[in-house]
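A short worksheet on the structure shown next.
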Amino acid sequence: MKRARTFFKAGTVSVPWILFAALALTMVQGALAQDLEETLSQVGEEYAVAYSSPFLHAFGPSLNSGMYHTAAIPHTTLTIGFAVKGMAAKLSDEDQTFTRVMQVDDLGVFDPDFDGVEGTVVMTGPTVFGSDEVEGSIIGYVNGLPVFEQEGLEGLWETDFVPMVTPELSVGGVWGLRAVFRYLPEVEIEDVGKFKYFGWGLQWNTGEVLKNLPVDLMVGYGSQKLEVGTVLETNASMFYVAASRQFSILTLYGGIGFESSDMTVTYTYESDDLDQDISFEVDGAQDSRLTIGGTLDLGLKLNAEIAKGSAITTMSAGLILGF
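According to our numbering, the sequence shown is numbered sequentially starting from 96.
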C-alpha cells in the first residue's frame, strides 16, 4: 500500500499573503483529493465510505467557519473589506480508526472461493487521517470462523486537524446589509481536473428594527461549493444569528449557527477482474454550532474564534484589511 504524502514542511513563507492563501487552498485540497482517489482505487465502496468519512464530516464544518468577525454593519456608509481566513476542524481519536461489521448474503463479492456463501465481513483499520504505519484488514467469517483475510489501507495523512485557507471579500453598509464572497479562479490540477471554489453569504444588522440594544445583532446565511475535478464535490451552508460589542480596539462576538454539508466522492475501483466506477455521497455529521471570538483592530484587524459544534470543534483566524 502507498505511504502517506507529507503536505506541509517547516519553512519561511516568502510570497504575499493573498497568493499564499490561494496556493495553500488549491494545492492542499487538490493533492489530498488526488491521493485519496489513488488510495480508494484499491478498495470497494463499503470500505471507502468508512475509511474516508472523517474527512467528509470535518470538511463541511471547516468551510462554514469564520463567516463573520462582528455583527456591526453600517446602514448608510459603504464599506469594503478583504481578508485571509484560515480554518481547521479538530479531529477526535475516534476519527483515526474505524471498524465496520457487515452481514452479507454472498461472500463471493469479497472472495470468489466463497461464492453464494452467507457470512460476516469485518473491516477495520486506520482512516484517511490515521496512522500510515498500520494497515487495515478485511476478514470474512462463516459461522463465527475466519475463512479469508485481505489487506486494507494505511492512513493517508496522520493529523489531528483538517485545515484550509481562503481569501474573502466583503461589501456592505447599505440598509444594514453586507455581502461576503469567497472565490478562487479555476485551476487545473494534473491527473485530477479543475479545482473550483466559490462561496457567498448575506448578513443583515437589525439596528433599524431593534433599536437601543446593548449589543449589535445580526442574522446571516452562507453557502459554499468546492470541486476538485471529478473526484470531490463539497457543498456547505449555514444560517446563523450573531451578536457583538465593541470595547475600544477589541470587539467580542458570539453566535449560534444551524448548518448542513455533504460531499460526493467518485473514483474507479481497480479490481483483478474489471474496473468499477464508484460514486457515493456522505452527509456531514454536524447540524449546529456555538461560536465565540474576538477581533482586534490595529488598523489591520486580527480575528480569532472557536466554535463548539454538535459533532466537531472548529477554529478560525483571520487577517482583515478594511471593514
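Glycine is no exception: its CB is placed at the ideal position from the N, C-alpha and C atoms.
Expected contact under 8 Å - CB spacing of residue i and residue j to nearest Å
{"i": "Y278", "j": "F293", "result": "5 Å"}
{"i": "G268", "j": "P169", "result": "4 Å"}
{"i": "A153", "j": "I407", "result": "6 Å"}
{"i": "L251", "j": "D130", "result": "6 Å"}
{"i": "V138", "j": "G225", "result": "So it is not a contact: roughly 14 Å between Cβ atoms."}
Contact under 8 Å by Cβ, residue i with residue j
{"i": "T194", "j": "T219", "result": "yes"}
{"i": "V257", "j": "S157", "result": "yes"}
{"i": "S70", "j": "S405", "result": "Shown here, the chain extends from 96 to 418; a query on residue 70 therefore has no answer."}
{"i": "V242", "j": "F290", "result": "no"}
{"i": "E249", "j": "I234", "result": "no"}
{"i": "T386", "j": "G352", "result": "yes"}
{"i": "D311", "j": "R340", "result": "yes"}
{"i": "L391", "j": "I344", "result": "yes"}
{"i": "F375", "j": "E132", "result": "no"}
Classification of residue i by the beta-carbon crowding that lies within 10 angstroms, buried from 16 upward
{"i": "L276", "result": "The sequence shown places Phe at residue 276, not Leu. F276 is exposed by the Cβ-count criterion."}
{"i": "T171", "result": "exposed"}
{"i": "R98", "result": "With a pLDDT of 38 at R98, under the threshold of 50, the predicted position of this residue should be treated as unreliable, though the coordinate-derived value follows. When all chains shown are included, R98 counts as exposed."}
{"i": "T409", "result": "buried"}
{"i": "D403", "result": "The sequence as given places Lys at residue 403; Asp does not occur at that position. By the neighbour-count rule (16 or more Cβ atoms within 10 Å), K403 is not buried but exposed."}
{"i": "D378", "result": "exposed"}
Collapsed DSSP secondary structure at residue i in the structure displayed
{"i": "F154", "result": "helix"}
{"i": "S147", "result": "helix"}
{"i": "Q137", "result": "coil"}
{"i": "E253", "result": "coil"}
{"i": "D382", "result": "coil"}
{"i": "A117", "result": "Confidence in A117 is poor, its pLDDT being 49 and thus under 50, which makes the residue's placement too unreliable to answer from."}
{"i": "Y163", "result": "coil"}
{"i": "L186", "result": "coil"}
Closer than 7 Å: residue i CB and nearest the ligand NAD heavy atom
{"i": "V266", "result": "Absence of the ligand NAD is noted for the structure shown, with no ligands found whatsoever."}
Start-end ranges of the alpha helix (DSSP H) lying completely within the segment 352-377, minimum 4 residues: Within the segment 352-377, no complete alpha helix (DSSP H) run reaches 4 residues.
Continuous beta strand (DSSP E) assignments of at least 3 residues falling wholly in the segment 279-346: Segments of the beta strand (DSSP E) lying fully in the segment 279-346: 288-300, 311-323, 327-342.
Secondary structure, beta strand (DSSP E): runs of 3+ residues fully inside the segment 196-232: List check, beta strand (DSSP E) in window: 214-221.
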